[in-house]
Amino acid sequence: MPFLGSYLTLSCSATPPTPKIRNENTIIKRAKTTIHSIHSHPHSQSFQSFNPISTSHFSSLIESTIAMAEGGSDSPKSSVTPYEEALDALSSLITKRSRTDSGNMDERFGVLFHYLKMLDLEEPISKMKIIHVAGTKGKGSTCTFTEAILRHCGFHTGLFTSPHLIDVRERFRLDGVEISEENFLAYFWWCFDRLKEKTDDKIPMPAYFHFLALLAFKIFAAEQVDVVIMEVGLGGKYDATNVVQTPIVCGITSLGYDHMEILGNTLGEIAGEKAGIFKHKVPAFTVTQPDEAMHVLEEKASQLDVPLKVAPPLDAKLLNGLRLGLEGEHQYLNAGLAVALCSTWLKRTGHVEDNYLEQATTLPEQFIQGLITASLQGRAQIVPDLYANSGNSKELVFFLDGAHSPESMEACARWFSLAIKEDSQDQTLLRPDNSKFSHEIAQMQHGDTTGRNSTQILLFNCLSVRDPQLLLPRLMKTCADHGVYFKKALFVPSVSVYYKVGSHALTQTDPNVDLSWQLTLQRVWESLMQGNKGSDTKRTDAAFEEFKDEMEMSASICEYSAVFPSLPVAIKWLRDKVQKNQSVRFKVLVTGSLHLVGDVLKLVTHAVLAQVEGKVVSEQQL
1080 MPFLGSYLTL SCSATPPTPK IRNENTIIKR AKTTIHSIHS HPHSQSFQSF
1130 NPISTSHFSS LIESTIAMAE GGSDSPKSSV TPYEEALDAL SSLITKRSRT
1180 DSGNMDERFG VLFHYLKMLD LEEPISKMKI IHVAGTKGKG STCTFTEAIL
1230 RHCGFHTGLF TSPHLIDVRE RFRLDGVEIS EENFLAYFWW CFDRLKEKTD
1280 DKIPMPAYFH FLALLAFKIF AAEQVDVVIM EVGLGGKYDA TNVVQTPIVC
1330 GITSLGYDHM EILGNTLGEI AGEKAGIFKH KVPAFTVTQP DEAMHVLEEK
1380 ASQLDVPLKV APPLDAKLLN GLRLGLEGEH QYLNAGLAVA LCSTWLKRTG
1430 HVEDNYLEQA TTLPEQFIQG LITASLQGRA QIVPDLYANS GNSKELVFFL
1480 DGAHSPESME ACARWFSLAI KEDSQDQTLL RPDNSKFSHE IAQMQHGDTT
1530 GRNSTQILLF NCLSVRDPQL LLPRLMKTCA DHGVYFKKAL FVPSVSVYYK
1580 VGSHALTQTD PNVDLSWQLT LQRVWESLMQ GNKGSDTKRT DAAFEEFKDE
1630 MEMSASICEY SAVFPSLPVA IKWLRDKVQK NQSVRFKVLV TGSLHLVGDV
1680 LKLVTHAVLA QVEGKVVSEQ QL
């Protein structure tokens, strides 16, 4: 069978269900859109399943509603947009209980199948050609590589990942692009309203992540994608994505100690939870694992007759001198797993021969293009703060990586240490990505960066369930091994509140904010630095003599660190330093939490977009 040259992707004629009218602000627009959809697609299966009443009757109801709305109303119009209204509804599904308060896991997982029935998703999911990926580190990157490869092979792809960094729509990607706001609203309300109608006290509305996974299945079913790549949210066995019964192939990325309060305190216990995605006789791949974890994976695979293989790291030579789209040496491990998953998917779906790529000394061009163009925000991402930067120079640059386990912290430190040296040579400041502002930034960053002093700052936060005694020493030591030292560590609380989704979930600076955890992080850092007093970390330059001045914005200032009451305040402080020390380039490593990375992106990219568009944005707006 020839390789994909004659493969034709399925034409997608699916029409998203028309969203119901939500508020007076959008009543006319939504109503007219609904009538147009009805008349354009009178026999649309998705519309008929959305609302069983006759199209003519429904049209007349909507037309009368338009007349009433256009006739005016004395009631004040809502300032909430349709998208914000949907995010508010989504936020209502977020429970405030602790992750460890999980109750009967079997029972909670079993309820998911009731939701599938309510949404008529059982049969569509059974027909999907799914790649299912679990793991501690690298599963988002592996899924991103996998999607990019198969998209370049000509397939219509659907990718579900978590968490999102800026917009919840990032979790749902069609052909590499996040779902449009209009289609998101249509699918969201279709699922939300149907579940609202059919759930009760016995079977309540699904929790936040459960709903998002169900929504992903609905989107991919309606959009008739050729391949679905599903990233596990947490664990594996009881994860909402594990309602998949017959995937084409499964993958387990690198395993380590994370979410131990849920998954277990040993690598064996954690591996057992991850192996919960294995299905009877469905092939699976993993990467080289610690012996304890590998033993459990092999045992679980044997019990289910799963052919489990270890995928080798990708040989960089196979890229013909090009670089992976995702930075960091550890990404070759993820890329190798992605190649194994893709080749197996192609074989099992009948698109290539059974011996395809088994003894390959080269990679198909489609694979190479997928690997070098893959893009994932918040992982080894470099973003200059154009709000603070004057002209074409880059005095303040954020190096973003959502590492939050000891192993990933070490990988992050290696990447940062190499990246700041490359940045000093003004080489690959920004990797290609799908962001709206990457092209504009590229046009604005050809200035001279030589002859500048460079100063490294750490901007850090992590969840209180994580152990900073494991994270911070790995970060500090790995950077020191590469000759990189931080002049100051800044600790900040989370900006996004956990019970809200969307930009309006950003909190203002709270004068009464609890900073006890950030003060704990600061004590750990100061202790580590005091232990390294004899090393190069003690060096100070003239530019930082004033660090002890103007620190009224901080809640706690120590010799090597500061705690700020909010992220916006910390970023303002950094921008002030840039203006007062224009001979110094500030390189800020943001890590410890994907939520922190997302919050920084929200603030910094807002400023970037404003400058690109020629707008003046005040600090209050940011």
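In short: position in the sequence shown from 1, add 1079, done, that's my numbering. Heads up, the beta-carbon is just placed ideally off N, CA and C, and yes, glycines get one too. The structure presented is a predicted model; accordingly, all values stated were derived computationally and were not measured.
Would a C-beta distance cut-off of 8 Å place V1304 and L1253 closer than the cut-off? Translated into positions along the sequence shown, residue 1304 becomes position 225. Translated into positions along the sequence shown, residue 1253 becomes position 174. In terms of Cβ geometry, V1304 and L1253 form a close pair [threshold 8 Å].
What did DSSP end up calling G1189 once you bin it into helix, strand or coil? On the sequence shown, residue 1189 is found 110 positions in, with the first residue counted as 1. Helix, per DSSP.
_Can you find the residues in the same chain that come closer than 7 Å, C-beta to C-beta, to L1376, ignoring five residues on each side of it along the sequence?_
Translated into the one-based positions of the sequence shown, residue 1376 becomes position 297. Shown here for L1376: same chain residues with a beta carbon closer than 7 Å to its own, the five before and five after excluded, namely I1331, A1350, A1354, T1365, Q1368, L1387 in chain order.
For the alpha helix (DSSP H) containing A1286, list its first residue and its last residue.
-> Here residue 1286 corresponds to residue number 207 of the sequence shown, with the count starting at 1. Premise fails: A1286 is in no alpha helix (DSSP H) and is neither H nor E.
- Task: Give the range of the alpha helix (DSSP H) segment to which M1373 is assigned.
- Result: Sequence index remark: in the sequence shown, residue 1373 carries index 294 (1-based). Where M1373 is concerned, the enclosing alpha helix (DSSP H) stretches over 1370-1382.
- Would you kindly report the start and end of the unbroken alpha helix (DSSP H) that includes E1310? Within the sequence shown, the letter at position 231 stands for residue 1310. Segment 1306-1310 is the beta strand (DSSP E) holding E1310; no alpha helix (DSSP H) there.
| said: Quick check: what's the CA-CA separation for I1114 versus V1159? | reply: Here residue 1114 corresponds to residue number 35 of the sequence shown, with the count starting at 1. Here residue 1159 corresponds to residue number 80 of the sequence shown, with the count starting at 1. Low per-residue confidence applies at I1114: pLDDT is 42, beneath 50, and the placement is therefore not dependable, though the value from the model is reported in the following sentence. Approximately 23 Å between the Cα atoms of the pair.
Name the DSSP bridge partner or partners of P1463?
Here residue 1463 refers to the residue found at position 384 of the sequence shown. P1463 pairs with V1476.
For N1252, which three-state DSSP category applies? Along the sequence shown, read from residue 1 onward, the residue named residue 1252 stands at position 173. Checking the sequence, you will find Arg at residue 1252 rather than Asn. Three-state result, R1252: strand.
Closest by C-alpha distance to G1407, when choosing among G1429, I1451, A1286 | Taking the first residue of the sequence shown as position 1, residue 1407 is located at position 328. The option with the nearest alpha carbon to G1407 is I1451.
### Task
Determine which residues share a DSSP beta bridge with T1174 and list them.
By one-based count along the sequence shown, residue 1174 stands at place 95. Paired residue(s): none; T1174 is not in a bridge.
Excluding the 5 residues preceding and the 5 following I1356 in the sequence, name in chain order all residues of the same chain whose CB lies nearer than 6 Å to its CB.
Working through the sequence shown from its first residue, we reach residue 1356 at position 277. Closer than 6 Å at Cβ, skipping near neighbours: H1211, A1213, G1315, N1321, C1329.
By Cβ distance below 8 Å, which residues in the same chain neighbour E1605 in space, the five residues on each side in sequence not counted?
Start at 1 with the first residue of the sequence shown, and residue 1605 comes out as number 526. So the qualifying residues of the chain are C1637, E1638, Y1639, S1640.
- Message: I need the DSSP call for I1447, collapsed to helix, strand or coil.
- Response: Reading the sequence shown from its first residue, position 368 is the one you call residue 1447. It is helical.
CA-CA distance, L1405 and K1277? As a first step, residue 1405 must be located in the sequence shown, where it is residue number 326. As a first step, residue 1277 must be located in the sequence shown, where it is residue number 198. Whole-angstrom Cα-Cα distance: 43 Å.
I'd like the list of long-range same chain contacts for G1553, defined as Cβ closer than 6 Å, with 5 residues on each side in sequence excluded.
One-based indexing of the sequence shown puts residue 1553 at position 474. The question names Gly, but residue 1553 in the sequence shown is Arg. Here the set comprises P1485, M1488, E1489.
Open item on the list: Quick check for students: name the residue ranges of the beta strand (DSSP E) that lie wholly in the stretch 1220-1254, counting only runs of 3 or more.
Closed with: List check, beta strand (DSSP E) in window: 1236-1239, 1251-1253.
Notebook entry, point to check: How should N1399 be labelled, buried or exposed, when 16 other C-beta atoms within 10 angstroms of its C-beta is the threshold for buried?
Noted result: For the purposes of this step, residue 1399 is identified with residue 320 of the sequence shown, where counting begins at 1. Result: exposed.
If you measure between the beta carbons of L1680 and I1245, is that distance less than 8 Å?
Walking along the sequence shown from the start, residue 1680 turns up at place 601. Walking along the sequence shown from the start, residue 1245 turns up at place 166. Yes, these two residues count as a Cβ contact at 8 Å.
inquiry  = For the pair the stretch 1655-1674 and the stretch 1531-1550, tell me if three or more CB-CB distances fall below 8 Å.
reply    = yes
Original post:
What does a CB cutoff of less than 7 Å around L1238 pick up in its chain, not counting 5 residues either side in sequence?
Top reply: Indexing the sequence shown from 1 puts residue 1238 at position 159. Excluding residues within five positions, the ones whose Cβ falls inside 7 Å are C1222, E1226, R1252, I1308.
Are the beta-carbon atoms belonging to V1676 and G1449 less than 8 Å from one another?
In the sequence shown, counting from the first residue as 1, residue 1676 sits at position 597. In the sequence shown, counting from the first residue as 1, residue 1449 sits at position 370. No, these two residues do not count as a Cβ contact at 8 Å.
Problem set entry | Continuous alpha helix (DSSP H) stretch holding A1559: start and end | Mapped onto the sequence shown, residue 1559 falls at position 480. Element bounds for A1559: 1547-1560.
Q.
With H, G and I counted as helix, E and B as strand and the rest as coil, what does DSSP make of E1408?
A. Along the sequence shown, one-based indexing puts residue 1408 at 329. If DSSP states are grouped into helix, strand and coil, E1408 belongs with coil.
Can you tell me which residues form a DSSP beta bridge with R1664? In the sequence shown, counting from the first residue as 1, residue 1664 sits at position 585. R1664 pairs with S1533.
Check: What first and last residue would you give for the alpha helix (DSSP H) that runs through I1650?
Finding: Within the sequence shown, numbered from 1, the residue matching residue 1650 stands at position 571. Looking at the DSSP string, the run of the alpha helix (DSSP H) that includes I1650 is 1646-1659.
| query | Would G1217 pass as a contact of S1381 if the rule is Cβ separation under 8 Å? | reply | Here residue 1217 refers to the residue found at position 138 of the sequence shown. Here residue 1381 refers to the residue found at position 302 of the sequence shown. No; because the gap between Cβ atoms is not below 8 Å, this pair is not in contact.
Considering only C-alpha positions, which residue in the set A1295, L1549, P1285, A1453 is nearest to L1600? Counted from its first residue, the sequence shown places residue 1600 at position 521. The residue with the shortest Cα to Cα distance from L1600 is L1549.
message: On the criterion of 16 or more Cβ atoms from any shown chain inside 10 Å, does F1478 qualify as buried, or is it exposed?
response: To locate residue 1478, count along the sequence shown from 1; it is residue 399. Classification of F1478: buried, given that the 10 Å Cβ count is 16 or more.
Assign C1637 to one of three DSSP states: helix, strand, or coil.
Counting from 1 along the sequence shown, the entry for residue 1637 is found at position 558. Three-state result, C1637: coil.
So for V1328, helix, strand or coil by DSSP? Counting from 1 along the sequence shown, the entry for residue 1328 is found at position 249. It is a strand residue.
Check: Which of the three DSSP states, helix, strand or coil, is assigned to H1674?
Finding: Taking the first residue of the sequence shown as position 1, residue 1674 is located at position 595. Here H1674 sits in helix by DSSP.
Could you give the residue range of the beta strand (DSSP E) that holds T1365?
In the sequence shown, counting from the first residue as 1, residue 1365 sits at position 286. Element bounds for T1365: 1363-1365.
- From this set, L1475, L1682, L1497, which residue's C-alpha is nearest S1573's C-alpha? By 1-based counting over the sequence shown, the position of residue 1573 is 494. The candidate whose alpha carbon is nearest that of S1573 is L1682.
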